[in-house]
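Residue 174 in this note's numbering sits at position 167 of the sequence shown; the count goes up by one each step and never skips.
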Amino acid sequence: MKINPTLRLRAGPAALTHIRKNGLTPRDIACIPAAAGGPKGLTLLPLDRLLHSEWLSDASDLELIGASIGAWRVTALAQPDPLPALDRLQRAYVHEQNYTARPGPDEVATVCRDIVAATLGETPLTVRQGISLSIITARARGALAASESRLAFARAVLSNSVSRDRLAAHLQRVVFHSGDASRLTDRFDPFGLESVALNALNERDALLASGTIPLLCRPVRDIAGAPPGNYWDGALVDYHLVLPYQQVTRSDRRQRIVFYPHFNDYMTQGWLDKYLPWRKAARAHPWLDDLLLVTPSPEFVSSLPNGKLPDRQDFYHYGPDHRSRARDWERAIGECERFAEAVINWMDNPDPTTVEPI
8 MKINPTLRLR AGPAALTHIR KNGLTPRDIA CIPAAAGGPK GLTLLPLDRL LHSEWLSDAS
68 DLELIGASIG AWRVTALAQP DPLPALDRLQ RAYVHEQNYT ARPGPDEVAT VCRDIVAATL
128 GETPLTVRQG ISLSIITARA RGALAASESR LAFARAVLSN SVSRDRLAAH LQRVVFHSGD
188 ASRLTDRFDP FGLESVALNA LNERDALLAS GTIPLLCRPV RDIAGAPPGN YWDGALVDYH
248 LVLPYQQVTR SDRRQRIVFY PHFNDYMTQG WLDKYLPWRK AARAHPWLDD LLLVTPSPEF
308 VSSLPNGKLP DRQDFYHYGP DHRSRARDWE RAIGECERFA EAVINWMDNP DPTTVEPI
């Protein structure tokens, strides 16, 4: 197998077979997921820009689905003019997250709401023709609905450690949707699949909820048009978006693929699962048969400022030195233009000998 020094590629068996037989064209892409992951998602913004400019500018029949910062990225990408929206998201996320030494939940919520507002711009969200946009949130239910305390979340964490299905007693998947009809419509696990129309009355609350980290940020309450209750980060249910993609890729006579730009070369189902080694990597999952995963290589990541991707620990590392944090995050994003160009070059001339199995 050939090794690309800048990126890593992994694919499910059906996706790899498709690439070997047919190569890759824009019409082959049925879905682009966008994972949660906080500042790590910033490093994918250069690829988002190039994908739109060189591959997806005339896309049709394309599903964009995201949680947390991934939801903010795909919301920008779905707009009629994505490039200014991606620029606004980058500017707000990098330069306007200037917290006090010990920010409380209200302060974090206010800053995140400003990032959402910047991403949406000054007018209600419009999704361009041919795009289906889905934003994942997690609605509290059961004991967690009655309390947002540390004890209530500890019980949810304990339930998840026993079984992911048991976490569903505490959280419900609620997906806010705009644009063309989503093909991801059939309930597929105990978390459910409640679908709510995204509109001018709820779009800011829905996007804020999708990135609302428990205990660090206030929950978003009673979103317009959605079931009543407290809404949290969609990553609690769908961290890296391990979903039944065959509903999307095989919904008509031609088989298509899921193209997944990611910052990890593995996928973890729920945010709490990342602390459980036996659940951290969902390799060889049947839902991933049609998926092509593209990530920065370890060698590339080691060349970034601090030898890593931006992450939430940077807020503690840099402390009140917001200018240095923003400088290094911008440098990392700029360096990731090389990764984005390498991905587009591979897509233009896909070499299946560089692809590993998921």
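Ideal placement from N, C-alpha and C gives every residue a C-beta, glycine not left out.
The C-alpha of Gln276 is placed about 25 Å away from the C-alpha of Tyr100. Listed in chain order, the non-local C-beta contacts of Pro317 below 6 Å within the same chain comprise Pro46, Leu49, Trp336 and Ala339, local neighbours out to five positions each way being set aside. Bridge partners of Ala204 according to DSSP: His184. Three or more Cβ pairs closer than 8 Å define a contact, and the segment 56 to 68 falls short of that threshold against the segment 232 to 242. Under the DSSP assignment, Cys38 falls in the beta strand (DSSP E) whose first and last residues are Ile36 to Ala41. Beta-bridge pairing by DSSP links Asp240 to Thr144. The alpha-carbon of Ala175 is positioned some 6 Å away from that of Pro197.
Non-local beta-carbon contacts of Pro312 in its own chain, meaning distances under 7 Å to residues more than five positions away in sequence, involve Asp335, Arg338 and Ala339 in chain order. Taking 7 Å as the cut-off, the Cβ atoms of Ile39 and Leu71 count as close. Setting aside the 5 residues that flank it on each side, Thr144 is surrounded in the same chain by Val181, Ala216, Ser217, Tyr238 and Gly241, each with a C-beta closer than 6 Å to its C-beta; the list follows chain order. Within the segment 267 to 343, the runs of beta strand (DSSP E) at least 3 residues long that lie entirely inside it are, in chain order, 298 to 303.
With contacts defined by Cβ atoms closer than 7 Å, Val134 and Ala85 form a contacting pair. DSSP, reduced to helix, strand and coil, places Gln86 outside both helices and strands of the structure shown, so it counts as coil.
Under the three-pair Cβ rule at 8 Å, the segment 249 to 257 counts as touching the segment 279 to 297. Shortest Cα-Cα distance from Asp113 to any of Val227, Trp353 and His269 involves Val227. Within the same chain, and ignoring the five residues on either side of Tyr106 in sequence, no residue has its Cβ closer than 6 Å to its Cβ. In the DSSP assignment, the residues bridged to Arg228 are Asn237. With the rule of 3 Cβ pairs closer than 8 Å, the segment 144 to 164 does not count as touching the segment 268 to 275. Around the CB of Leu283, fewer than 16 other CB atoms lie within 10 Å, so the residue is classed as exposed. Distance from the Cα of Val203 is smallest, within the candidate group Leu93, Phe195, Thr117 and Ser185, for Ser185. Minimum Cα-Cα distance from Pro364 among the listed residues Ala289, His329, Ala349 and Ile351 corresponds to Ala289. Annotation: Thr13 to Val255 spans about 29 Å, alpha carbon to alpha carbon.
Selection Lys315, Met8, Thr361 and Ile36 evaluated against Ser258 yields Ile36 as nearest (Cα-Cα). Asp55 is a Cβ neighbour of Arg80, given a cutoff of 7 Å. Looking at the DSSP output, Pro364 sits in a beta bridge with Ala18. Proximity to Glu342 across Ser304, Asp355 and Phe322 peaks at Ser304, based on C-alpha coordinates.
For Ala74, the uninterrupted beta strand (DSSP E) run begins and ends at Leu69 to Ala74, by DSSP. The alpha-carbon of Arg319 is positioned some 31 Å away from that of Trp353. Its Cα nearest to that of Val118, the residue His102 stands out among Leu132, His102 and Glu129.
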